[in-house]
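Accompanying notes for the structure given below.
Protein chains: 2
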Amino acid sequence: MPIHKFAVTDAVFERSPGQDVDIFAGNLLDQRDGGPVTIGFGRYGPDQILEETMAVHDTMVILEGKITVSDGRKTVTAGPGEIIAMQKGDRVTIRSHENGAVTAYVTYPHWQQPEA
Amino acid sequence: MPIHKFAVTDAVFERSPGQDVDIFAGNLLDQRDGGPVTIGFGRYGPDQILEETMAVHDTMVILEGKITVSDGRKTVTAGPGEIIAMQKGDRVTIRSHENGAVTAYVTYPHWQQPEA
Chain A
10 MPIHKFAVTD AVFERSPGQD VDIFAGNLLD QRDGGPVTIG FGRYGPDQIL
60 EETMAVHDTM VILEGKITVS DGRKTVTAGP GEIIAMQKGD RVTIRSHENG
110 AVTAYVTYPH WQQPEA
Chain B
10 MPIHKFAVTD AVFERSPGQD VDIFAGNLLD QRDGGPVTIG FGRYGPDQIL
60 EETMAVHDTM VILEGKITVS DGRKTVTAGP GEIIAMQKGD RVTIRSHENG
110 AVTAYVTYPH WQQPEA
């Protein structure tokens, strides 16, 4: 596979299935490309809250705004240039703040299923 | 494993083994933690050049400065907030520019061997 460069303007943002909050993901490298990880950008509206059980290992690099994640035992808040790492099986609450947020993410394995 | 937050100030930067250029890596989550990916920050001095064959899949998010990567067929340059993805087996030339660079990286699998 060749090298790739991705910018946030390359991403086509979609609301994740089954969610109605203003949190969007845009994959740029995923199961369709044959590698082991999914890479993309995330966009969060202001003051959004998402509770989920992590289906994959997810590393987020915060590019704009702030994200707070709690797993019930520990709460972390990260801003631009900082990383939040969540592990498969973690039950987390992910929250954006008043200015929303933009993130880059890398998941292992892929979080989307191959298309039928 | 609990959730983690990492900042560049958490990283202990080390020159990669066998290299004498001013390119440093600081792992913050790796083979010692039991997960599938290594997470860390990279720091590049000005105008450094590194040629290597990728031993792992490496996703870099550029936080400061610019990085140019060439695989002989394609050359990409990325700046703050942009991503460069390199695949295991790619033969790449990685170059920093006049102001150096800071990156966040996620590799799959781990790029370091477990300590003996």
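Protein chains in written order, with this note's numbering: chain A, 10 to 125; chain B, 10 to 125.
Think of the CB as a built atom: it goes at the ideal place given N, C-alpha and C, for glycine as much as any other residue.
Keep in mind the model is a prediction, meaning the values are calculated, not measured.
Beyond the five residues adjoining it in sequence on each side, T68 of chain B comes within less than 7 Å, by CB distance, of I92, A94, Y114, V115 in the same chain, given in chain order. Per DSSP, the continuous beta strand (DSSP E) segment holding S105 of chain A begins and ends at 100–117. Counting along the chain, the unbroken beta strand (DSSP E) around S79 of chain A starts and ends at 66–79. In the DSSP assignment, M95 of chain B falls within the beta strand (DSSP E) that extends over 92–95.
Bounds of any beta strand (DSSP E) do not take in G27 of chain A, whose DSSP letter is neither H nor E. Against chain B, the beta carbon of L38 of chain A has neighbours under 7 Å at A94, listed in chain order.
Selection B:V101, B:D80, B:I71, B:G98 evaluated against V17 of chain B yields B:I71 as nearest (Cα-Cα). C-alpha of A20 of chain B to C-alpha of D31 of chain B: approximately 16 Å in a straight line.
T84 of chain A sits exposed, since fewer than 16 C-beta atoms from the chains shown fall within 10 Å of its C-beta.
Comparing alpha-carbon positions, the option among B:I12, B:Q40, B:D56 lying closest to N108 of chain B turns out to be B:D56. Bounds of the beta strand (DSSP E) holding A87 of chain A are 84–87. The way I'd put it, the segment 97–107 of chain B does touch the segment 47–61 of chain B; three or more beta-carbon pairs between them come closer than 8 Å.
The alpha-carbon of E23 of chain A is positioned some 5 Å away from that of A34 of chain A. Inclusion of V65 of chain B and H66 of chain A in the CB contact set at 8 Å is not warranted, their separation being larger than that value.
Under the 10 Å beta carbon count, D29 of chain B is surrounded by fewer than 16 other beta carbons and is classified as exposed. A residue is called buried once 16 or more other Cβ atoms fall within 10 Å of its Cβ, and Q96 of chain B is buried on that count.
In the same chain as Q122 of chain A, and ignoring 5 residues on each side of it, the C-beta atoms closer than 8 Å to its own belong to Q40, in chain order. Non-local beta-carbon contacts of T77 of chain B in its own chain, meaning distances under 6 Å to residues more than five positions away in sequence, involve T86, R104 in chain order. Just so you know, the alpha carbons of L37 of chain B and T112 of chain B end up roughly 13 Å apart.
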